[in-house]
Amino acid sequence: MNTDVQPPIAKKIPYKLEKHNDVRIDNYYWLNQREDPEVVAYLEKENEYYQKMTAHTKKLQEDLFQEMKSRIKEDDTSVPYFYNGYYYITRFETGKDYPIYARKKGSLDAQEEIMFDCNEMAKGHSYFNLNGISVSEDNEWCSFGVDTVSRRQYTIKVKNLKTGEILPEAIENATGSTAWASDNKTFFYTKKDPQTLRSDKIYKHILGTEPAKDELVFHEKDDTFYTFVYKEKSKKYLVIGSTSTLTSEYQVLEANDPSGKFRVFQKRVRGVEYSISHFGDSFYILTNKDKATNFKLMKTPEKATISEHWVDLIPHRKEVLLEGIDIFKDYLVVEERSNGLNKIQIRPWSGEEPYYLPFESETYTAYTTTNPDFDTELLRFAYQSLATPSSVIDFNMRTKEKTVLKEQEVLGGKFDKNNYQEERIWATAEDGTKVPVSLVYRKGVQKDGKNPLLQYAYGSYGSSMDPWFSTTRLSLLDRGFIFAIAHIRGGEDLGRDWYEDGKLLKKKNTFTDFIDCSEYLIKEGYTSREHLYAEGGSAGGLLMGAVANMAPELYHGIIAQVPFVDVVTTMLDDSIPLTTGEYDEWGNPNDKEYYDYMLSYSPYDNVKAQDYPNMYISTGLHDSQVQYWEPAKWVAKLRDMKTDKNLLFLDTNMDAGHGGASGRFEALKELAKEFAFLLDLEKIKE
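The structure is reproduced here in C-alpha cells:
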C-alpha cells in the first residue's frame, strides 16, 4: 500500500444554516454545485487518491471481475410468459451488456420478432436504460421509455411493431411507463416535476399528435404524494394512483372510454392505505382501514366503490402481514408474511379448503411473478435462498404439481449448494426485542471468532430484506467470509409494527438493532471486531454513517454505497428530488421536535474527533435519489476530524446515478472494487 500518497483536503468555506434558533456551520456546503469546475476537480482528486491507494489491488479486482463474470450465463433467456396471444421473452447474448426484448406469436416455435435490442440502442451512450415496455391490445403498437443520463427521467417513444418504425413524437421527462386505452391509439402517461423529479402529472396522448398538445388529465398538487397510471389485469379499467408514505387514493376509468373522466374510487383519508384489483363485477381492496395495521382484504361492487360498501374477505390478523394478492378465475392467491418468512396461500373460490405452498428452509424468499392471465390453473412463482439459486416454478393449483421451468445456472463448474450452510439466528436488541439474522457460509467454518463476516442491512421505508441468492457473493464465501443479513426494524420483515418501530421518532432503533446484531455475532464466535465488516446503500448508507459514529470500534471496515448522510440539510431543502415525499419516513424538520431528533443521529452532523473504521464510500455524480454531495461532504468532514490512520476512500462514478453503471458487466466492476477493499483488509491476496 502506498503510504506516501496524501489524501485531498477540501477547502473550508463556512456556511451558516439556521433553523429553530439553532445555528449549524457547514464548511463543505460549497460542494453541492454540480457544474462548478472546482467541485468536479475535488471529486476527481478523491478518485485519483483512491486509485493510487488501491493500485496494488488492481490485479485482484480484475481477477474478481473475471471470476464473477465467469459464473454468469452470458447467453441467458428468461422464462417466456404468454400474454394476449404472444409469448414474451427477454434474452442476453454472449459478450453483450444489455437485454434483447422479443416475442413469438401463438407458439414458442413461431418466428422470433425482436422488439428492442438494447445493445444497438445503447451505442454512443455511457449509460442506457429502457423501461415501461407496453403493448397495445391489438398487439400493433409498443410504447417504451429511455434514460441515457441515469436521472430516472425517461423519454417515451412509440414503435410500430408491424413495420418497425419509431414514431417521431417523443415525450420528455416522464417515468417511462404508460397505460393503453382499448382503442389502440390513446395512452396515458406520467410526467415529473423537472426540479424535484416528483411524478406529479398524468397526461393523455393520442398517436400521431404533437406531445406538446397532450391533455393534462390529473395534477397531483400535494407535494408529499406521487402519482402513476396503469391498466387492470382484467383490461376493463385504467387506474390513476396517488400515494404517499402513509396514504393512498385511486381513480378509475373504463378502458374503452378514453375520452371519459376518471372517477375517484375512494378519496384519500390520511393514514389509510389501499390498493385495488378488479375481477368480475367487483374490486378487491388490500387496505389498513379500521386500524388493520397488518392489512386485510376487502371486496366491493365495481359500481359502488366508496369505503362504506367495502366488506371484509380476509380479516386483519395481528401476527400476519398481508402483502399482496393475485387473482385467477378459480383461485385467489395471497402473499403474506409471518415470523419473518414469506408464505403463499391458495384459496379456491369454490370454498374448498385453502392451503399453503410448502417451503422447507428458514432463509428463503418466495414470491409470485408474472401472472397476466386469469383463466389458468397455473401459478408462476419464484424461489431462492441464501444458498439456493433462484428458480421460476409453475405450480398447478388444482393438482398441486410443481414444474421448475428454470433454475439460475451458476457456471464455472465449482458451485454445489451442499457446500454451504444457511441458518437463521435471533439477536436480542437493547430493549429486549428479538431481531432475526440470516447467515450463509461454507460448511466447516469454525465459530472461533477468526472469520471475516460481512453484515448487511437496509432498515427503512418498510422495505423487507429477504434472503436472496447471489453468484457474486460466492467470491467472498469461497474465501472464508460469512455473509449476514440483519433484519432490523425500519423494514417490514416482521410485519407492519416492525416498520413503525424504526421510523420517525423511533428511527434510532434501526441503528441500535444493527449494532446489537453485530455484538451478538461477535459474542457467538462467528467473528470478532478485527474481522467484522458492515455494508449498506442509500438509506442503508445512512445506517452505515450512524453506526460509524455510534460504535466505530466494532467494525474493521465499512462500505457505504450512495449514502444518505446529510439528513437534516436535505430534508430542509424541498427543491431536492424526493424530499417532501419523505416527511412521513423521517419527519419534517420544519417541526422542532423532528429537527432535534434528526440532528441527534444525522451522520454528517455527528462526525466527531474519534477513530473510525476503514471506509469505502461510493456515489454517482448524476444520482437523483441521494445527491453526490452528501457522501462528498461527509468524506471531507471525516478527513478533517478523524483521529486514526485507517483508509477512507470516496469513489465517484462520474457517468452514473443511483443504481450505478447500467451494463450488466460494468456493475460487476463496481462490486469487484468493494470485494477487493474487504479482501485487502483481510490480507487475502487472491
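Numbering (full-length UniProt numbering), first residue to last: 1 to 686. Cβ atoms here follow ideal geometry from the backbone N, Cα and C, with glycine treated the same way.
Nearest residue (CA-CA) to P301, options N606, I13, L650, S282: Minimum Cα-Cα distance from P301 among the listed residues N606, I13, L650, S282 corresponds to S282.
Same chain, Cβ closer than 6 Å to W426, five either side skipped, listed in chain order: Excluding five sequence positions before and after W426, the CB atoms of its chain that fall closer than 6 Å to its own CB belong to K434, P436, given in chain order.
Candidates G462, P211, E140, W141: closest to E169 by CA position: Considering only alpha carbons, the answer is P211.
CB of P631 within 8 Å of CB of V568, strictly: Result no, Cβ atoms of P631 and V568 do not sit closer than 8 Å.
Alpha-carbon to alpha-carbon, D501 and M298: Spanning the two alpha carbons is a distance of roughly 26 Å.
Residue from K213, I393, A382, A179 whose Cα sits closest to the Cα of residue 748: Residue 748 is absent from the model: the chain starts at 1 and stops at 686.
Exposed unless 16 or more other CB atoms sit within 10 angstroms - verdict on P194: P194 should be labelled exposed.
Three-state class that DSSP yields for V40 in the structure shown: Secondary structure of V40 (DSSP, three-state): helix.
Range of the contiguous alpha helix (DSSP H) that encloses T569: Going by DSSP, T569 is part of the alpha helix (DSSP H) stretching over 567-572.
Counted within 10 angstroms of its Cβ, other Cβ atoms place W349 as buried (16 or more) or exposed: It is exposed - the Cβ of W349 has fewer than 16 other Cβ atoms within 10 Å.
Beta-carbon contacts of K447 that lie in its chain and below 7 Å, excluding the five residues immediately before and after: So the list reads E524, G525, Y526, once near-sequence residues are dropped.
Sequence ranges, alpha helix (DSSP H) only - wholly within the segment 65-131, length at least 4: Those alpha helix (DSSP H) runs which fall completely within the segment 65-131 and span 4+ residues are 118-121.
Beta-carbon contacts of K159 that lie in its chain and below 6 Å, excluding the five residues immediately before and after: The beta carbon of K159 is closer than 6 Å to those of C142, I166 in its chain, skipping five residues each way along the sequence.
Proximal residues to L43 (C-beta, below 8 Å), its chain only, five neighbours per side dropped: Excluding residues within five positions, the ones whose Cβ falls inside 8 Å are L621, Y628, A632, L650, T652, M654.
Beta-carbon proximity list for I61, same chain, < 7 Å, skipping 5 on both sides: In the sequence under discussion, the amino acid at residue 61 is Gln, which differs from the Ile named in the question. Counting only Cβ-Cβ distances below 7 Å, and skipping sequence neighbours, we find A672, K673, A676.
Element boundaries [beta strand (DSSP E), containing M298]: Run containing M298: 296-301, per the beta strand (DSSP E) assignment.
CB of residue 687 within 8 Å of CB of T94, strictly: Limits of the chain in this structure are 1 at one end and 686 at the other, which puts residue 687 out of reach.
Buried or exposed (CB count within 10 angstroms, at least 16 for buried), Y355: The C-beta of Y355 has fewer than 16 other C-beta atoms within 10 Å across all chains shown, which makes the residue exposed.
Sheet register partners of M615 (DSSP bridge): In the DSSP secondary-structure assignment, M615 is bridged to I558, L648.
Residue environment, N129, which counts as buried when at least 16 other CB atoms sit within 10 Å: Buried, by the Cβ-count rule.
Endpoints, the alpha helix (DSSP H) within which W586 is located: Segment 583-586, the alpha helix (DSSP H) holding W586.
Residue from Y226, A255, E215, S126 with nearest C-alpha to N184: When each option's Cα is compared against that of N184, the closest is A255.
Whole-angstrom distance between T224 and T243, CA atom to CA atom: Here the alpha carbon of T243 sits roughly 8 Å from the alpha carbon of T224.
Close beta carbons around M465, own chain, < 7 Å, minus the five adjacent residues each side: Hits under 7 Å: A457, Y458, I485, H487, G491, D493.
For F328, three-class secondary structure by DSSP: Of the three classes helix, strand and coil, the one that applies to F328 here is coil, per DSSP.
Identified DSSP bridge partners for D200: Note: D200 is not bridge-paired with any residue in the DSSP secondary-structure output.
Residue of K267, K685, M641, H309 minimising C-alpha distance to I9: Minimum Cα distance to I9 is reached at M641.
Check whether A548 and P467 have beta carbons under 8 Å apart: No. Outside cutoff.
Cross-strand partners of Q421 (DSSP beta bridge): According to DSSP, Q421 bridges with Y441.
Length of the line joining the Cα atoms of L405 and R337: Going by the C-alpha atoms only, they are around 25 Å apart.
Opposing strand residues paired with A632 [DSSP bridges]: Partner(s): none; A632 has no beta bridge.
Backbone CA spacing between L379 and N588 [nearest angstrom]: Rounded to the nearest angstrom, the gap between the Cα atoms of L379 and N588 is 43 Å.
T293 and D584 closer than 8 Å at C-beta: When the beta-carbon positions are compared, T293 and D584 stay at least 8 Å from each other.
Beta carbon of F395 nearer than 8 Å to that of F374: Between F395 and F374, the gap from beta carbon to beta carbon reaches 8 Å or more.
Per-residue DSSP class, three states only, for R270: Here R270 carries a coil assignment [DSSP, helix/strand/coil].
Member of A122, A387, E67, S277 whose CA lies at the smallest distance from the CA of K363: Checking the sequence shown, residue 363 turns out to be Thr, not Lys. For the residues A122, A387, E67, S277, the minimum Cα distance to T363 belongs to A387.
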